[in-house]
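Heads up: the sequence lines are chains W and V, in that order. Using our numbering, the letters of the first sequence correspond one by one to residues 199 to 309. Using our numbering, the letters of the second sequence correspond one by one to residues 82 to 195.
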Amino acid sequence: ILNVEQSPQSLHVQEGDSTNFTCSFPSSNFYALHWYRWETAKSPEALFVMTLNGDEKKKGRISATLNTKEGYSYLYIKGSQPEDSATYLCAFGNTGNQFYFGTGTSLTVIP
Amino acid sequence: KAGVTQTPRYLIKTRGQQVTLSCSPISGHRSVSWYQQTPGQGLQFLFEYFSETQRNKGNFPGRFSGRQFSNSRSEMNVSTLELGDSALYLCASSAGQGPYNEQFFGPGTRLTVL
Numbered sequence: 199i200l201n202v203e204q205s206p207q208s209l210h211v212q213e214g215d216s217t218n219f220t221c222s223f224p225s226s227n228f229y230a231l232h233w234y235r236w237e238t239a240k241s242p243e244a245l246f247v248m249t250l251n252g253d254e255k256k257k258g259r260i261s262a263t264l265n266t267k268e269g270y271s272y273l274y275i276k277g278s279q280p281e282d283s284a285t286y287l288c289a290f291g292n293t294g295n296q297f298y299f300g301t302g303t304s305l306t307v308i309p
Numbered sequence: 082k083a084g085v086t087q088t089p090r091y092l093i094k095t096r097g098q099q100v101t102l103s104c105s106p107i108s109g110h111r112s113v114s115w116y117q118q119t120p121g122q123g124l125q126f127l128f129e130y131f132s133e134t135q136r137n138k139g140n141f142p143g144r145f146s147g148r149q150f151s152n153s154r155s156e157m158n159v160s161t162l163e164l165g166d167s168a169l170y171l172c173a174s175s176a177g178q179g180p181y182n183e184q185f186f187g188p189g190t191r192l193t194v195l
């Protein structure tokens, strides 16, 4: 069973703060790393699909980086807003065509 | 485009019964994957179907099975339900097969086994 770990487990930040979380995954047999945002009572929503070492992706105030050699990815949120409150999931896809999800980082942005 | 739909949204069953969950992917998507989420666990991969064939299976007992129809709709069946099968079951569709394809998730079916 592959281990995908996310830290921290939960996070409370003030509106306007910038924050970041980590996803750690096995560095072997890497194929892709996905980030999702999951709001309560909604479906997980894809944020980024990252495939290459050194990849950096950005969508508005959210960005992500990828290091496949050491097995980690960072997700950054700049100037957090209350609507950013959600659980952020990462999923590691290996050459066996399976996804392994972390347990997520729960972000609460306090107005 | 309509999103991924799952039916039913909520289900209550008793131990020993069986259950069938349904997933309709986004139009044109041929891959459907199923996941289970239990409290404190990340999403656990159940299986993936592509063009009516099961391409991948996670580490779940044989009581969990699925199928995909020619219109890409998929069903998941759990027989002889156990209390531990209480979970949120999510399906996700993607245009192609393989972990570099973006997945689109449905709202899930919340199964409670009493």
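Virtual Cβ for every residue (Gly too), placed ideally from N, Cα, C. It should be emphasised that the depicted structure is a prediction, and the values quoted were computed from it without experimental measurement.
Start and end residues, beta strand (DSSP E) containing residue i
i, result
"A284/W", "A284 to N292"
"S225/W", "Here S225/W belongs to no beta strand (DSSP E), and DSSP marks it neither H nor E."
"H110/V", "Per DSSP, H110/V belongs to no beta strand (DSSP E) and is neither H nor E."
"T303/W", "T303 to I308"
"Y298/W", "F297 to F299"
Bridge partner(s) assigned by DSSP for residue i
i, result
"V247/W", "H232/W"
"K256/W", "S261/W"
"F150/V", "In the DSSP output, where bridge partners are listed per residue, F150/V has none listed."
"T134/V", "F131/V"
"N218/W", "Y274/W"
"N158/V", "T101/V and S146/V"
"Y170/V", "Q117/V and T190/V"
"F141/V", "According to DSSP, F141/V bridges with nothing at all."
"K94/V", "V194/V"
"T86/V", "S105/V"
"S208/W", "S304/W"
"S175/V", "S112/V"
Beta carbon proximity, residue i to chain W, threshold 9 Å
i, result
"R136/V", "yes"
"Y91/V", "no"
"G189/V", "yes"
"L171/V", "yes"
"G109/V", "no"
"Y130/V", "no"
"L192/V", "no"
Under the three-state DSSP convention, the category residue i falls into
i, result
"L124/V", "coil"
"L195/V", "coil"
"E203/W", "strand"
Test: residue i CB closer than 9 Å to a CB of chain V
i, result
"E237/W", "no"
"K326/W", "Missing from the structure shown is residue 326/W; chain W here goes from 199 to 309 and no further."
"V247/W", "yes"
"T266/W", "no"
"E254/W", "no"
"G269/W", "no"
"A230/W", "yes"
"Y298/W", "yes"
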